[in-house]
Amino acid sequence: MAENTNSDLGQVLFVGAGPGDPDLITLKGKKALEEAQRVIYAGSLVNPDILQHCREGIALFDSAGLTLEETVAIMAEGVQKGEKVVRLHTGDPSVYGAIQEQMQCLEEKGIAYGVIPGVSSVFAAAAAVKKEFTLPEVSQTLILTRLAGRTPVPEKEDLALLAQHQASMAIFLSVQDIGEVVATLRKGYPPHTPVAVVYRASWPDQHILEGTLETIADQVKEAGIRKHAQILVGDFLRDQGTRSKLYDPEFTHEYRQGRST
1 MAENTNSDLG QVLFVGAGPG DPDLITLKGK KALEEAQRVI YAGSLVNPDI
51 LQHCREGIAL FDSAGLTLEE TVAIMAEGVQ KGEKVVRLHT GDPSVYGAIQ
101 EQMQCLEEKG IAYGVIPGVS SVFAAAAAVK KEFTLPEVSQ TLILTRLAGR
151 TPVPEKEDLA LLAQHQASMA IFLSVQDIGE VVATLRKGYP PHTPVAVVYR
201 ASWPDQHILE GTLETIADQV KEAGIRKHAQ ILVGDFLRDQ GTRSKLYDPE
251 FTHEYRQGRS T
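Residue 164 in the UniProt record's numbering is what sits at position 164 of the sequence shown, and the numbering runs on without skipping anything.
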């Protein structure tokens with residue numbers, strides 16, 4: 001089978017820049033930046049060091065102050081000029097990346113595109129606190145969500161309803177309303193449930209706060225954290241879980257015959 005190269009993916013490439021650390025962009029994403037002739041990047045959310053992978057003299061556009069229509073027009077202009085265009089998003093573009101509307105506009109214009117995934121901040125946050133979201137007999141479910149704000153949340157995905165599962169949870173884009181987050185979570189989780197808030201995971205100024213639903217709001221307010229933070233919730237932050245079956249010497253699977261101990 002032929003290798004799927006960046007050039008096979010389309011005229012515009014949506015690329016996940018990763019959570020902040022410039023070394024956490026994928027090799028495929030790095031190659032796309034090296035080949036790009038036009039890059040539209042997500043403003044202060046993307047570490048500027050990542051742009052050093054771009055060739056000197058190419059067209060760079062900060063999308064922080066742009067509308068959807070303006071952003072798509074810049075992409076289309078590049079395509080019309082025969083340029084390789086990269087739309088650089090923070091983290092993984094499929095999670096709160098607002099890429100679906102951009103892709104729809106490109107489809108309407110008949111412009112081919114592709115997506116190169118990236119490392120989400122949720123996984124950089126888990127790495128920062130050195131925890132696993134899915135521990136046997138503790139939690140086998142990870143919920144990625146956010147508090148309703150100017151962007152509404154479907155009623156069936158209300159944070160209080162999700163909290164009733166008491167699964168591992170990562171909450172995006174909500175630390176500015178930490179008091180409301182905690183009050184809502186306590187409708188489902190016990191008050192002693194552990195919580196970690198990871199500010200700017202993987203950046204040089206990364207900062208971690210650890211507490212419970214009873215204490216974390218005051219810690220966040222005292223630290224002055226109002227954005228760029230993941231809120232991690234659940235017993236995975238405290239419990240060790242049981243051993244996995246995968247590495248249990250008594251467990252038989254496709255690659256190993258179990259043996260009695």
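Just so it is clear, CB atoms sit at the ideal spot from N, CA and C, and this is done for glycine as well. A quick note: this is a predicted structure, and the numbers were derived from the prediction, not measured.
In the structure shown, the three-state DSSP call for His89 is strand.
The three-state reading of DSSP puts Gln80 in helix, counting H, G and I together.
For Val72, the CB contacts under 8 angstroms within the same chain, skipping 5 residues up- and downstream, are Gln102, Cys105, Leu106, Lys109 in chain order. Annotated three-state conformation of Gly224 is coil, per DSSP. Taking all protein chains in view, the Cβ of Lys84 is crowded by 16 or more other Cβ atoms within 10 Å, so the residue is classified as buried. Of the residues assessed, Gln80 falls on the exposed side of the cut-off, its CB having fewer than 16 other CB atoms within 10 angstroms. Pro152 counts as exposed, since fewer than 16 other beta carbons sit within 10 angstroms of its beta carbon.
The stretch 170-177 makes no contact with the stretch 201-209, as fewer than three CB pairs between them are under 8 angstroms. Only exposed fits Arg259, as fewer than 16 other CB atoms lie within 10 angstroms of its CB. Boundaries of the alpha helix (DSSP H) around Glu34: 27-35. Secondary-structure assignment with DSSP links His207 through a beta bridge to Tyr199.
Of the candidates Ala167, Leu33, Ala36, Val198, the residue whose Cα lies closest to the Cα of Pro190 is Ala167. Restricting attention to Leu135, Gln100, Leu142, Glu77, the CA atom closest to the CA of Leu232 is found in Leu142.
For the 7 angstroms CB-CB criterion, Leu159 and Leu147 form a contact. Of the residues assessed, Ala32 falls on the buried side of the cut-off, its CB having 16 or more other CB atoms within 10 angstroms.
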